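Protein chains: 2
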Amino acid sequence: MKLASLKSGRDGNLVVVSRDLTQAVEVPDIAATLQEVMDDWTSVAPQLETVSISLEQGAVDEAFPFDPSECAAPLPRAYQWADASSYVTHVELIRKARSVELPESYWTEPLMYQGGSDGFIGSRDDIVVLDEAWGIDFEGEIAIITGDVFMGADEGAAGAAIRLIMLANDVSLRNLVPAELAKGFGFYQSKPATGFSPVAVTPNELEPAWREGRVHLPLVCHLNDVPFGAPEAGDDMVFGFPRLIQHAARTRNLCAGTIIGSGTVANADRSRGSCCIAERRMIETLDEGEPKTSFLKNGDRVRIEMLNRHGRSIFGAIDQTVVVTKGEGR
Amino acid sequence: MKLASLKSGRDGNLVVVSRDLTQAVEVPDIAATLQEVMDDWTSVAPQLETVSISLEQGAVDEAFPFDPSECAAPLPRAYQWADASSYVTHVELIRKARSVELPESYWTEPLMYQGGSDGFIGSRDDIVVLDEAWGIDFEGEIAIITGDVFMGADEGAAGAAIRLIMLANDVSLRNLVPAELAKGFGFYQSKPATGFSPVAVTPNELEPAWREGRVHLPLVCHLNDVPFGAPEAGDDMVFGFPRLIQHAARTRNLCAGTIIGSGTVANADRSRGSCCIAERRMIETLDEGEPKTSFLKNGDRVRIEMLNRHGRSIFGAIDQTVVVTKGEGR
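Residue numbers (my numbering), protein chains in the order written: chain A, 864 to 1193; chain B, 864 to 1193.
Pasting the structure below:
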């Protein structure tokens, strides 16, 4: 099934969305918000599945046209957003760009940071930034939402807790990163609000592309309607989602509704392009001596989407415009 | 007023607590959870204040004895927990212990990391850890809860958004820190679930000790009933809470219910003792050549409390016992 949150209040109104993303229906008698679903998945999800089946059959009178521009992020705010860097190829290039050596452990142990989860932007919301000089970048990623995971869970239990899958735009302020990482406490100001695809889907919606804890489809990124990259998300993902969840749960429980990100999708095969500007700039530096592509400017549009093997959008598109404003954020 | 959350479900049951921490009353007609209060502070807080005044007058029939052991953290889970290191003296000592130099910027710009907020432990809950060898430590801190803060807010707007104050035990796994920080993405596994005091209080409950965005009272820490330290929280706090909030909101909005921590309270005057073991170990190393105090072991008890000038507990005590278990977390 496919789920989305129409903009309403702080947590949105939960809707079940048809497989082809054309129809939706509110389900107030089952659950008002997606967090409510996550909190009580075992009893609520089967009821939503029933609605989903009826919707596919055209048997839901209350169905209305689905409009992604009316969507908040599937979880408009969440209790946890932990983002990994599973495509180590990407990290290696980014490190090269910063002239920092890649520790050997990066290939054997997941790299993960705690992201801000108190406010996400919807798939069609503007990326509002106060200063273009901060080096605005997009990062196309896959993200999953978990049920409850107990501290010390093994990879099997971790994998069994994967409830929903979505796409993410992990917006990054590249020029704030070096100073922030030099202080040793990880990212904070360099990671503004993350964006997510309009819908989150259960893993079965991806079959047979969902296997080994990875999504085996290209993640298609456009910048101002020009193709930017379409790497295969199933290739070069060193750590699958079960391993990432296990890493996150090593010393603490994870609450239902925890979002775990893959990190920027990237392939060793450079012909597939990139899912962020920083990676392309590094490749340009290596190939041409200096970066040619600038970071995002006011008015630039980023589109991140994943199509199934029949060319149909699975999650709906992230399609966001950068708005640089010197005022306050909202 | 003073607010707490009795354990119930994932988000607790909100109660108003009397100033002397002896009586409490549920307020289901006003708000069910503290997050609901934060989400709608302007209209809800005055109603809670009215209940608080009646409670002080002994005029609430439904009042019952308040038992901190029945409390979850005031926010049992939150959308954001961002912890600073405002007592730079502490950071300086910890860095010395790790033989890492302190950047000059630490004195002029707040240091802050994004903490896990999806599950906190209550003031009397056990600190459950799977391996004693991880180097279990407590960190006594002050924390505030904000209302909504807009991106780019100045220090004045940031300070005006401070709604509630509480104490925190930022449990840390010291032996996991060096490897994690070396990977460059900040803390993750080295910061298990944080604990908070039983009640959160409005700033006026602290007057005249609340001024300049700081709490001017000693934070009293005991280890196994032996005094460990009682530094003045108002001294040596290089950045007050308004500055910390401003820092957090530089590139993104902060959602109501955001928790911001002071970092381990520490004074330059060493006679006041420490609020974490790591700091004492560093002082021992400097004074005696090696650390004498071991990190927390199974069964060790940590107590963190703040008394007003009349010797009465303001927030109730954090009083937690370490439980090392090889099984799963819960």
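Using N, Cα and C, we set each Cβ at its ideal position, and we do this for glycine too.
On a predicted model such as this, the values are computed, not experimentally measured, just so you know.
Flagged as an interface residue toward chain A: Ala1045 of chain B, by a C-beta distance shorter than 8 Å. DSSP places Val1185 of chain A outside any alpha helix (DSSP H); the residue lies instead in the beta strand (DSSP E), whose first and last residues are Ile1181 to Val1187. Fewer than three pairs of CB atoms, one per stretch, sit closer than 8 Å, so the stretch 1050 to 1068 of chain B makes no contact with the stretch 1147 to 1155 of chain B. Along the stretch 899 to 941 of chain B, the beta strand (DSSP E) does not occur as any fully enclosed run of 3 or more residues. The beta carbon of Val888 of chain A sits closer than 8 Å to the beta carbons of Val878, Val879, Val914, Leu918, Val923, Glu925, Ala926 and Phe927 from its chain, once the five residues preceding and following it are set aside; these are given in chain order. Listed along chain A, no residue sits closer than 8 Å to Gly1162 of chain B by beta-carbon distance, the nearest being about 19 Å off. Residues of chain A with a Cβ closer than 9 Å to the Cβ of Leu1117 of chain B are, in chain order, Gly979, Asp981 and Gly982. Counting only residues of its own chain and dropping the five nearest sequence neighbours on each side, Ala1093 of chain A has a CB closer than 8 Å to the CB of Pro1081, Leu1082, Val1083, Cys1084, Arg1135 and Gly1136. Sequence-ordered contacts of the stretch 1098 to 1116 of chain B with chain A read Arg1113, Thr1114, Arg1115 and Asn1116 [C-beta pairs closer than 7 Å]. Rounded to whole angstroms, Val907 of chain B and Val1062 of chain B show a C-alpha spacing of 18 Å. Below 8 Å, enough C-beta pairs join the stretch 1170 to 1183 of chain A and the stretch 1056 to 1076 of chain A to call them touching: three or more. Spatial neighbours of Ile1028 of chain B in its own chain (CB-CB distance under 7 Å, excluding positions within 5 residues in sequence) are listed in chain order as Ile1005, Ile1007, Ala1063, Val1064, Pro1066, Leu1069 and Val1078.
Closest in alpha carbon position to Glu1075 of chain B, among B:Gly1103, B:Tyr950 and B:Pro939, is B:Gly1103. Residue contact with chain B for Arg940 of chain A: present (Cβ-Cβ distance below 8 Å to some residue of chain B).
Note that the stretch 947 to 957 of chain B touches the stretch 1121 to 1128 of chain B; at least 3 beta-carbon pairs, one per stretch, sit closer than 8 Å. Using beta-carbon distances, Phe1158 of chain A does not count as an interface residue toward chain B, since no partner is under 8 Å. For Thr1121 of chain B, the chain A residues whose Cβ falls inside 8 Å of its Cβ are Asp981, in order along the chain. Under a criterion of Cβ atoms nearer than 9 Å, the residues of chain B adjacent to Leu974 of chain A are, in order, Lys1046, Gly1047 and Phe1048.
Within the stretch 1021 to 1044 of chain B, Leu1036 and Leu1044 place their CB atoms closer than 7 Å to a CB of chain A, listed in sequence order. Contacts with chain B at 8 Å (Cβ-Cβ) do not include Tyr950 of chain A. The beta carbon of Asn1032 of chain A sits closer than 6 Å to the beta carbons of Phe1001, Gly1058, Ile1167 and Ile1181 from its chain, once the five residues preceding and following it are set aside; these are given in chain order. A residue is called buried once 16 or more other Cβ atoms fall within 10 Å of its Cβ, and Gly875 of chain A is buried on that count. Against chain B, the CB of Gln943 of chain A has a partner CB under 8 Å away; the residue lies at that interface.
For a Cβ distance threshold of 7 Å, residue set Arg1113 and Thr1114 of chain B lies close to Gln1052 of chain A, ordered along the chain. Judged by DSSP in its simplified three-state form, Val1101 of chain A adopts coil rather than helix or strand. Interface annotation, Pro937 of chain B: not in contact with chain A, CB-CB separation never under 8 Å. Fewer than three pairs of CB atoms, one per stretch, sit closer than 8 Å, so the stretch 974 to 990 of chain B makes no contact with the stretch 1008 to 1018 of chain B.
Beta bridge pairing from DSSP links Tyr976 of chain A with A:Asp946. Residue pairing of Arg1074 of chain A in beta bridges, as defined by DSSP: A:Arg1077.
Taking all protein chains in view, the Cβ of His1173 of chain A is surrounded by fewer than 16 other Cβ atoms within 10 Å, so the residue is classified as exposed. Exposed is the label assigned to Ile916 of chain A, since fewer than 16 other Cβ atoms lie within 10 Å of its Cβ.
Judged by DSSP in its simplified three-state form, Glu1002 of chain A adopts coil rather than helix or strand. The C-beta of Arg1077 of chain A comes no closer than 8 Å to any C-beta of chain B.
With respect to chain B, the C-beta atom of Ser962 of chain A has no partner C-beta closer than 8 Å.
The continuous stretches of alpha helix (DSSP H) do not include Ala895 of chain B, and DSSP gives it neither H nor E. Here Thr1009 of chain A is not near Ala996 of chain A, since their CB atoms are 8 Å or more apart.
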